[in-house]
Amino acid sequence: MDLRYLRENTDVVWEKMLEHLSLSLTALAIALPLAIVLGVLATRVRWLTTPIVTAVSILYTIPSFAFMAFLIPEFGIGRQPAMIVLVTYAQLFLVRNIVAGLKSVDPSILEAARGLGMNEAQLFWKVWLPLATPVIVAGIRTALLAIIAMATLIGYINAGGLGELMFAGIGRDYPSQVLAGVIAVAALATVTDLVMRALELLTPVARARRHAAG
Amino acid sequence: MCRPRTAAVRYDQVTSGTAGTTGGSEIRLEQLTKIYGHSDRPAVDNVSLTIEPGEFVVLLGPSGCGKTTLLKMVNRIHEPTSGRIMIDDTEVHQLPASQLRRRIGYVIQQTGLFPHMRIEDNVATVPKLLRWDKGRIRQRVRELLELVGLPPEKYARRYPMQLSGGEQQRVGLARALAAEPTTMLMDEPFGALDAITRTRLQDELKRIHRQLRPTTLFVTHDIDEAVRLADRIVVMRNGRVVQFATPLEIVTDPADDFVADLVGANDVLRRMSLIPVASAASARARDSGEPSEQISGSAFLREALGRMVESGQDRLTVVDEDGHPDSELSLDDIRRAVGEESEIPAPHRAAGDH
Numbered sequence: 029m030d031l032r033y034l035r036e037n038t039d040v041v042w043e044k045m046l047e048h049l050s051l052s053l054t055a056l057a058i059a060l061p062l063a064i065v066l067g068v069l070a071t072r073v074r075w076l077t078t079p080i081v082t083a084v085s086i087l088y089t090i091p092s093f094a095f096m097a098f099l100i101p102e103f104g105i106g107r108q109p110a111m112i113v114l115v116t117y118a119q120l121f122l123v124r125n126i127v128a129g130l131k132s133v134d135p136s137i138l139e140a141a142r143g144l145g146m147n148e149a150q151l152f153w154k155v156w157l158p159l160a161t162p163v164i165v166a167g168i169r170t171a172l173l174a175i176i177a178m179a180t181l182i183g184y185i186n187a188g189g190l191g192e193l194m195f196a197g198i199g200r201d202y203p204s205q206v207l208a209g210v211i212a213v214a215a216l217a218t219v220t221d222l223v224m225r226a227l228e229l230l231t232p233v234a235r236a237r238r239h240a241a242g
Numbered sequence: 225m226c227r228p229r230t231a232a233v234r235y236d237q238v239t240s241g242t243a244g245t246t247g248g249s250e251i252r253l254e255q256l257t258k259i260y261g262h263s264d265r266p267a268v269d270n271v272s273l274t275i276e277p278g279e280f281v282v283l284l285g286p287s288g289c290g291k292t293t294l295l296k297m298v299n300r301i302h303e304p305t306s307g308r309i310m311i312d313d314t315e316v317h318q319l320p321a322s323q324l325r326r327r328i329g330y331v332i333q334q335t336g337l338f339p340h341m342r343i344e345d346n347v348a349t350v351p352k353l354l355r356w357d358k359g360r361i362r363q364r365v366r367e368l369l370e371l372v373g374l375p376p377e378k379y380a381r382r383y384p385m386q387l388s389g390g391e392q393q394r395v396g397l398a399r400a401l402a403a404e405p406t407t408m409l410m411d412e413p414f415g416a417l418d419a420i421t422r423t424r425l426q427d428e429l430k431r432i433h434r435q436l437r438p439t440t441l442f443v444t445h446d447i448d449e450a451v452r453l454a455d456r457i458v459v460m461r462n463g464r465v466v467q468f469a470t471p472l473e474i475v476t477d478p479a480d481d482f483v484a485d486l487v488g489a490n491d492v493l494r495r496m497s498l499i500p501v502a503s504a505a506s507a508r509a510r511d512s513g514e515p516s517e518q519i520s521g522s523a524f525l526r527e528a529l530g531r532m533v534e535s536g537q538d539r540l541t542v543v544d545e546d547g548h549p550d551s552e553l554s555l556d557d558i559r560r561a562v563g564e565e566s567e568i569p570a571p572h573r574a575a576g577d578h
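Here the protein sequences come in this chain order: A and B. Numbering follows this note's numbering, in which position 50 of the first sequence is assigned residue number 78; successive positions increment by one, without gaps. Numbering follows this note's numbering, in which position 121 of the second sequence is assigned residue number 345; successive positions increment by one, without gaps.
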C-alpha cells in the first residue's frame with residue numbers, strides 16, 4: 029500500500045475530509061425537514077402513504093451519474109446540483125424510516141394522549157415523535173452514511189470533498205492519492221456510524237429500555 | 225350531593241390539598257345517536273340517560289353493543305351524529321376538545337402509559353398541560369401514587385415497562401385522577417389483567433371512588449365486575465339501553481330475556497354470586513347466641529354459602545366495613561333471597577357462563 033500521498037499531504041486530506049463532512053451534514057440538514065414533512069404527510073393522510081414511499085424509492089433508483097448529467101444543463105456544475113442529488117437520495121432512507129417509526133407507535137398510547145387533553149401539536153412533539161425516534165434516528169444514520177458515500181461521486185462535478193481528491197488522483201494516474209481519499213472516506217463513515225449509534229442510545233425510549241433491563 | 229350550578233369548577237384553581245373533596249359532575253346524555261360512516265345501523269341509538277353526581281355507572285353489554293362508543297362520545301374521541309351531552313351545565317362542544325378532556329379522567333384497557341416517560345412524568349401529564357407550578361405537581365404526584373398503592377420513593381423514578389400489568393394500570397388510574405377530574409371514563413381498564421389482580425384493583429377502585437366521588441362511567445362486558453363496582457348498571461344491546469338499574473334490580477328483576485341471559489339471572493349460583501350478603505341478611509337474634517363465623521356485608525351470598533358448608537354452621541354473623549357485627553345470615557335467608565323472583569330455577573337450564 030502506497031501511503032505516500034497521505035503522509036505527505038495530511039493537511040490537505042484532513043481539509044478535504046472536513047469539507048466532505050460539512051457537505052454531507054448540509055445535505056442532511058436540508059433533507060431532514062423535507063423528509064419529516066413527507067413522512068408525517070404519508071402517515072397522517074392514509075391515501076398518500078403509497079404514492080410518497082413509492083416516489084422516493086423510484087428517485088433512488090436513478091443512476092447517480094445520469095442524475096448529475098440531467099441536472100448540469102439547468103444548474104451547471106458545483107455545489108448546487110450536488111446538493112440536489114444528495115438530498116434526493118437521502119429521502120428514501122429518511123422518509124421510509126420516519127413512516128415506519130411513526131406507524132410503529134401503539135395507537136392506544138396516542139388515544140390516551142388525546143384523551144388526557146393533549147392537542148395535536150403536544151401529542152406529536154411530546155409523545156408521537158419521541159416514541160418514533162429510535163427508528164427515525166436509525167434512518168438518519170443510514171441516510172448520512174449513504175450521503176457520505178454518494179458525496180465522493182459529486183467530486184466529479186467539482187463540488188468539493190474527498191471525491192475531488194480521488195478524481196484528481198485518477199486523472200493524474202496517481203494511485204496513492206486515490207488511496208488517501210478512500211481511506212479518509214472509510215474512516216469518516218466509520219466514525220459517523222459510531223457517533224450515530226451512540227446518539228440512538230440517548231433517545232428517551234432507549235434510555236427507558238436500558239432502565240428496564242438494568 | 226350538591227353540584228356547582230355556576231359554570232363548572234375551575235380546575236386550575238382547585239387547590240390540591242389531600243385528595244377527598246373532588247366530588248362529581250352530573251352527566252346528561254340527550255337523545256344521543258352515533259352512526260359510523262360505513263354503517264347504516266346506528267352504533268348508539270337514541271340514548272338518553274342522566275348520571276347523578278358522584279355515581280358509579282357501569283356500561284354493560286356484549287361486544288358491539290355500543291358501550292365503548294357511548295363512553296368515548298363523552299370526551300369527544302367520537303363525535304355524536306345527533307343528540308347532545310351535558311356535563312353539569314356545559315355542553316361538551318362548548319369547549320375545545322383538549323380543554324374538555326383535561327377535566328375528564330380517562331383510563332383505557334391497554335393503559336396507554338407513555339413508555340419513554342418515568343412514572344412521575346406519566347402521572348404529571350395533565351397537571352403539566354394545565355401549567356401547574358412544579359412544586360404543586362411534585363406534591364400531587366406523590367399523593368396520587370400513595371393513593372393507588374404505589375410508594376412514590378419506590379415507583380416515581382421507574383419506567384412503565386419495569387412495572388407489572390396491575391401496577392401499570394394503577395399508574396393509569398393515578399394519571400387519570402391527577403387534575404382532580406369530576407368525571408372519570410374507564411374503558412375496560414382491568415380487562416387485560418389476571419383474575420386475582422383484577423379483583424384487587426376493583427376493590428381499590430371502589431375505595432378510591434368512595435373517597436373522591438368522581439362521577440364514573442365504566443365499560444365492561446364482565447357481569448361480575450359490573451355488579452362489584454356499579455351503583456347502577458346500564459345494560460346495552462344493539463346501541464340501545466335495555467335496562468338502567470341497580471345491580472340487585474338487574475339480577476332479581478331483569479327487563480327481558482336478553483338481560484336475564486346476560487347476567488345469568490336464572491342460574492342459582494350466579495344469582496348467589498350477585499346478591500350481596502347485606503341485602504339478604506336479617507336482624508340478629510339476640511337471645512340465641514352469636515354465630516362464630518363472620519362474613520362481610522359486602523360479600524356475596526355464594527361466598528356465605530361456601531363459608532356455611534365449610535364450617536358446618538347454618539348461620540353467619542354479618543359484619544360491617546369496620547368489622548362490627550351488624551346482622552345475621554341464615555341458610556333460610558339465602559334461600560329466600562335467591563328464590564324471591566324466580567320460584568324454582570328450571571333444572572334444564574344450563575349454567576351458562578357469561
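The beta-carbon is built from N, C-alpha and C at its ideal position, and this holds for glycine as well.
Across the set 475(B), 503(B), 366(B), the C-alpha of 475(B) shows the shortest separation from the C-alpha of residue 491(B).
DSSP, reduced to helix, strand and coil, places residue 335(B) outside both helices and strands of the structure shown, so it counts as coil. When DSSP states are grouped into helix, strand and coil, residue 105(A) belongs to the coil group. Bounds of the alpha helix (DSSP H) holding residue 483(B) are 481 to 487. The DSSP-derived three-state label of residue 189(A) is coil. Fewer than three beta-carbon pairs drawn from the region 171 to 180 of chain A and the region 425 to 437 of chain B are found closer than 8 Å, and the two stretches are therefore not classed as touching. When rounded, the separation of the alpha-carbon atoms in residue 386(B) and residue 335(B) is 14 Å. Closest in alpha carbon position to residue 538(B), among 545(B), 519(B), 549(B), 550(B), is 519(B). Residue contact with chain A for residue 325(B): present (Cβ-Cβ distance below 8 Å to some residue of chain A). Residues of the same chain with a CB within less than 8 Å of the CB of residue 268(B), apart from the 5 flanking positions on each side, are 256, 257, 258, 290, 293, 294, 297, 304, 463 in chain order. With respect to residue 453(B), residue 395(B) sits apart: the two C-beta atoms are not nearer than 8 Å. Residues of the region 327 to 347 of chain B that bring their beta carbon within less than 7 Å of a beta carbon in chain A comprise 330, 332, 334, 336, 338, 339, 340, in sequence order. Using a Cβ-Cβ cut-off of 8 Å, residue 125(A) does not count as an interface residue toward chain B, since no Cβ of chain B sits closer than that to its own. The C-beta of residue 48(A) comes no closer than 8 Å to any C-beta of chain B. At a cut-off of 8 Å between C-beta atoms, residue 349(B) counts as an interface residue with respect to chain A. Per DSSP, reduced to three states, the secondary structure at residue 539(B) is strand. The three-state secondary structure of residue 326(B), taken from DSSP, is helix.
Relative to the Cα of residue 146(A), the nearest Cα in the group 343(B), 356(B), 477(B), 320(B) belongs to 320(B). A straight-line Cα-Cα distance of about 8 Å links residue 411(B) and residue 441(B). A check of alpha carbon separations from residue 348(B) across 407(B), 322(B), 307(B), 397(B) identifies 397(B) as the nearest. Between residue 483(B) and residue 451(B), the C-beta spacing is not below 8 Å. Taking 9 Å as the cut-off between beta carbons, the residues of the region 287 to 301 of chain B near chain A are 296, 299, 301, in sequence order. Along the region 250 to 299 of chain B, the beta strand (DSSP E) occurs as fully enclosed runs of 3 or more residues at 251 to 258, 268 to 275, 280 to 284, listed in sequence order.
A direct Cα-to-Cα measurement between residue 362(B) and residue 240(A) gives close to 23 Å.
Using a CB distance cut-off of 8 Å, residue 386(B) counts as an interface residue toward chain A.
The three-state secondary structure of residue 30(A), taken from DSSP, is coil. Residue 66(A) and residue 124(A) have their C-alpha atoms some 10 Å from each other. Taking 8 Å as the threshold, the shortest C-beta distance from residue 142(A) to chain B falls below it. At least one CB of chain B lies nearer than 8 Å to the CB of residue 137(A).
The C-alpha of residue 378(B) is placed about 43 Å away from the C-alpha of residue 488(B). Annotated as proximal: residue 249(B) and residue 312(B), with beta-carbon spacing under 8 Å. The Cβ of residue 240(A) sits closer than 8 Å to at least one Cβ of chain B. Among the residues of chain A, those whose CB is under 7 Å from the CB of residue 322(B) are 145, 146, 147, following chain order. Within the region 159 to 175 of chain A, those residues whose Cβ lies closer than 7 Å to any Cβ of chain B are, in chain order, 159.
The way I'd put it, the region 181 to 201 of chain A does touch the region 39 to 51 of chain A; three or more beta-carbon pairs between them come closer than 8 Å.
Along the region 222 to 241 of chain A, the positions whose C-beta sits under 7 Å from a C-beta of chain B are 232, 233, 236, 239, 240, read in chain order.
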